[in-house]
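Reading through the structure tokens given below for one structure.
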Amino acid sequence: MASKVDVAHIAQLARLQLTAAEADLFEKQLGAVLKYVEKLTEVNVEGVEPAAHAVPIFNVFREDKPFNWFSAAQALSNAPQQANNLFIVTKVVE
Amino acid sequence: MTQRDLPALSIVELQGLFRRREVSPVEALQALEDQINASNGRIGAYLVRDVAVAAAEAEKADVSLPLGGIPIAIKDLINVKGQQCSCASKILRGYRAPYSATAIERLRAQGAIPFGRMNMDEFAMGSSTENSGVQITRNPWDLSRVPGGSSGGSAAAVAADIALGALGTDTGGSIRQPAAFCGIVGFKPSYGRVSRFGLVAFASSLDQIGPLTKTVHDCALLMNAIAGHDSHDSTSLDVPVPDYTKHLGGDVKGVRIGLAKEYLIEGIDPTVRHAVLAAVKQLESLGAEIIELSLPHTEYAISVYYILATAEASANLARFDGVRYGQRTENVTSLFDHYARTRAEGFGPEVKRRIILGTYVLSSGYYEAYYLRAQKVRELIRRDFAEAFKQVDALVSPTSPGLAFKLGEKATDPLQMYLADIFTNAANLAGICGISIPCGFAEIEGGKKLPIGLQLLGKSLGEARILQLAHAYEQSTDWHKMRPALSPITA
Chain A
2 MASKVDVAHI AQLARLQLTA AEADLFEKQL GAVLKYVEKL TEVNVEGVEP
52 AAHAVPIFNV FREDKPFNWF SAAQALSNAP QQANNLFIVT KVVE
Chain B
148 MTQRDLPALS IVELQGLFRR REVSPVEALQ ALEDQINASN GRIGAYLVRD
198 VAVAAAEAEK ADVSLPLGGI PIAIKDLINV KGQQCSCASK ILRGYRAPYS
248 ATAIERLRAQ GAIPFGRMNM DEFAMGSSTE NSGVQITRNP WDLSRVPGGS
298 SGGSAAAVAA DIALGALGTD TGGSIRQPAA FCGIVGFKPS YGRVSRFGLV
348 AFASSLDQIG PLTKTVHDCA LLMNAIAGHD SHDSTSLDVP VPDYTKHLGG
398 DVKGVRIGLA KEYLIEGIDP TVRHAVLAAV KQLESLGAEI IELSLPHTEY
448 AISVYYILAT AEASANLARF DGVRYGQRTE NVTSLFDHYA RTRAEGFGPE
498 VKRRIILGTY VLSSGYYEAY YLRAQKVREL IRRDFAEAFK QVDALVSPTS
548 PGLAFKLGEK ATDPLQMYLA DIFTNAANLA GICGISIPCG FAEIEGGKKL
598 PIGLQLLGKS LGEARILQLA HAYEQSTDWH KMRPALSPIT A
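Protein chains in written order, with the numbering used here: chain A, 2 to 95; chain B, 148 to 638.
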């Protein structure tokens, strides 16, 4: 386990711009949290299956039937920018 | 009984008045609105509410239904069609829900009226409601203190008699801890008992919707409404729902209650310890058998919780990118810039901190050391409880190691804030159910009193037994009848 987080790199991965002050503060605070969680290394987890959920439910299927859900207008009702029944997005290709 | 006393009633009491035609749902709603206008300025529990919409529902209310005409306050991350759902975040400012959560549909099917959007820690990340991107909420017992969190608005409103009952959500204690701090009943159902469809996800393997109420009976009524299988949520359990109210009032003689030594550690406020041990004696005097036992992995629960919850949150919150809904930044230079600045402007500090931590523990090179190991320890915690519930019907503990703290007291130290969830996190990791009920008061400065919460944990889908036990304790004490001295209306 590492005790220092490369906050600038992680922020890139998280698509989150941080100010220098935020990055500094988070590095200190998360360093303290990571130091605290180091105690997990004491636990013998050999042969233990990881639990993704507390309740084991797998492969839940429903019937593949069409049903009425959002209209285009409803789906667009909270869009920051829209035109012609479509979301306007930031340009992704030059 | 005057109009202005109505909001102080329990749901069961108000329902009685409706059925005897002594009061109409329209009159009750008006009385509630008057009380909110008188008190909410000091408490800050409600973010917004739409009286006209609720009044139209009250006009048509069928009081023969189990919750007919009863207004229920809703934490601002559960979708109610046509209403705001901001998660107390700037990034969802102006968002209006295009559909209703299943829990809301079910409340409505039983006649309830969703009324009011309640303040919370932004995206339910916090234990004090101080992380709200909109406003702070104050504890009705002492306005200089926090109501707990993240369902702080829901809890404070019920405690201050400006809500009959409320829905909140509990990912690591966010219903039980504010219920304890505000002196009311708060219930976290077993994972899968209540549909999460229409709940804005924080940590999908831990989140549950649950009630905050004045009494255990009211809690059982709301559980009757919201529990049950939903094909829209693949983690919801397809198991019949009992009538929880039918389980109240039975004998608790011979019920086995476990007292885990790991839950009575150093660092618990002495008044909390005293009140909880007195409650254990009280349960014993009602005929319960107290059994001392051990939950050996308890001390690892917070570490596991903050790794798994932040990891899941970092993935869930990726959807807030300013494309399909929510706030979007301006003058972008690239798609990356669009995402990074939209999210920088929209999220508050705690949400950013948790996204960074969650992204880190999932990132290449650290995944196995943190995320995978935490999932394995989660399994060990789950087994601890499974073993314990072979010996006992319920576990008893404090809900929180301390009393409601001062606004600002822990705001600058995230780790201290996280440690406040020490007794509640494990239940979410194990998927079991748990309730917090009032079990006493601590005297503080200025002759004020602060409530203390007792936590009872039950096995997965063991809601009926926990509600029965909580009800038996409640009915043998007067704690639930206490109200904060905040005089709601100056006559």
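Every residue, glycine too, gets a C-beta built ideally from N, C-alpha and C.
Which of helix, strand or coil DSSP assigns to residue i
i	result
aspartate 25/A	helix
phenylalanine 588/B	strand
leucine 433/B	coil
isoleucine 438/B	strand
threonine 637/B	With a pLDDT of 41 at threonine 637/B, under the threshold of 50, the predicted position of this residue should be treated as unreliable, though the coordinate-derived value follows. Looking at threonine 637/B - three-state DSSP - the assignment turns out to be coil, as it is neither helix nor strand.
proline 325/B	helix
glycine 593/B	helix
tyrosine 193/B	strand
glutamine 83/A	strand
Within chain B, partners of residue i - CB distance below 9 Å
i	result
lysine 40/A	Glu446, Tyr447, Ser450
alanine 33/A	Asp560, Pro561, Leu562
asparagine 86/A	The premise fails here: asparagine 86/A is roughly 13 Å from chain B at the closest Cβ pair, so nothing lies under 9 Å.
Under 7 Å between C-beta atoms of residue i and residue j
i	j	result
alanine 271/B	proline 287/B	no
glutamine 602/B	serine 510/B	no
serine 441/B	lysine 393/B	no
isoleucine 528/B	alanine 573/B	yes
alanine 307/B	isoleucine 190/B	yes
glutamate 269/B	alanine 558/B	no
alanine 244/B	glutamine 257/B	no
phenylalanine 165/B	valine 200/B	no
leucine 455/B	alanine 521/B	yes
lysine 222/B	serine 301/B	yes
alanine 175/B	leucine 153/B	yes
isoleucine 322/B	glycine 312/B	no
alanine 52/A	glutamate 526/B	yes
serine 274/B	asparagine 266/B	no
leucine 359/B	valine 293/B	no
Within chain A, the residues that residue i reaches when beta carbons sit closer than 7 Å
i	result
glycine 280/B	In chain order: nothing, as chain A lies at least about 16 Å away.
lysine 628/B	Near lysine 628/B there are no residues of chain A at all, since even the closest Cβ is about 35 Å away, more than 7 Å.
valine 524/B	Leu41, Val44, Val46
valine 479/B	Thr91
arginine 520/B	Leu41, Val46
isoleucine 454/B	Val38
histidine 376/B	What histidine 376/B touches in chain A: nothing, since even the nearest Cβ is about 11 Å away.
Spatial distance of residue i from residue j (CA atoms)
i	j	result
isoleucine 503/B	valine 8/A	7 Å
glutamate 95/A	glutamine 13/A	22 Å
glycine 473/B	alanine 491/B	13 Å
lysine 207/B	isoleucine 219/B	16 Å
threonine 91/A	alanine 202/B	42 Å
histidine 627/B	proline 585/B	6 Å
leucine 346/B	cysteine 232/B	10 Å
threonine 637/B	glutamate 610/B	For threonine 637/B, the predicted model reports a pLDDT of 41, less than 50, meaning its position is unreliable; a value from the coordinates is still stated below. Their Cα atoms are separated by approximately 40 Å.
glutamine 82/A	glutamate 477/B	11 Å
lysine 237/B	glutamine 282/B	11 Å
lysine 428/B	alanine 350/B	36 Å
leucine 616/B	valine 419/B	20 Å
proline 336/B	cysteine 366/B	11 Å
alanine 516/B	aspartate 25/A	24 Å
serine 378/B	asparagine 226/B	17 Å
serine 297/B	valine 195/B	17 Å
threonine 546/B	tyrosine 513/B	33 Å
serine 381/B	valine 56/A	12 Å
isoleucine 449/B	glycine 32/A	16 Å
phenylalanine 532/B	tyrosine 37/A	23 Å
proline 646/B	alanine 74/A	Only positions 148 to 638 of chain B appear in the structure, and residue 646/B is not among them; the question remains open.
glycine 578/B	glycine 587/B	28 Å
proline 548/B	alanine 589/B	13 Å
Chain-ordered chain E contacts of residue i [CB-CB under 7 Å]
i	result
phenylalanine 68/A	This model lacks chain E altogether; the protein chains it does include are A and B.
Amino acids of chain A, ordered along the chain, whose beta-carbon sits closer than 8 Å to that of residue i
i	result
valine 293/B	What valine 293/B touches in chain A: nothing, since even the nearest Cβ is about 19 Å away.
leucine 527/B	Val44, Val46, Val49
Neighbour list for residue i in chain B, Cβ cutoff strictly below 8 Å
i	result
alanine 22/A	In chain order: nothing, as chain B lies at least about 11 Å away.
alanine 53/A	Ser352, Gln522
Chain-ordered chain B contacts of residue i [CB-CB under 7 Å]
i	result
alanine 15/A	Ser461, Ile502, Ile503, Thr506
alanine 12/A	Ile503
alanine 80/A	Arg471, Tyr472
ask   = Using 8 Å as the Cβ pair cut-off and three pairs as the minimum, do the segment 242 to 262 of chain B and the segment 341 to 348 of chain B touch?
value = Flag = yes, the segment 242 to 262 of chain B and the segment 341 to 348 of chain B touch.
ask   = Using 8 Å as the Cβ pair cut-off and three pairs as the minimum, do the segment 461 to 468 of chain B and the segment 426 to 438 of chain B touch?
value = No, the segment 461 to 468 of chain B is not in contact with the segment 426 to 438 of chain B.
ask   = Any contact of the segment 156 to 164 of chain B with the segment 485 to 504 of chain B, i.e. 3+ C-beta pairs under 8 Å?
value = Counting Cβ pairs under 8 Å, fewer than three are found: no touch.
key: Cβ contact (3+ pairs, closer than 8 Å) linking the segment 394 to 414 of chain B and the segment 534 to 542 of chain B   = As far as the Cβ criterion goes, the segment 394 to 414 of chain B touches the segment 534 to 542 of chain B, which means the pair count is three or higher.
message = When you compare the segment 349 to 358 of chain B with the segment 312 to 319 of chain B, are there three or more beta-carbon pairs, one atom per stretch, that lie closer than 8 Å?
response = Yes: the two stretches touch, three or more of their Cβ pairs being nearer than 8 Å.
Stretch-stretch touch, CB-based, cutoff 8 Å, three pairs: the segment 47 to 57 of chain A with the segment 562 to 570 of chain B = Because the criterion of three Cβ pairs below 8 Å is not met, the segment 47 to 57 of chain A and the segment 562 to 570 of chain B do not touch.
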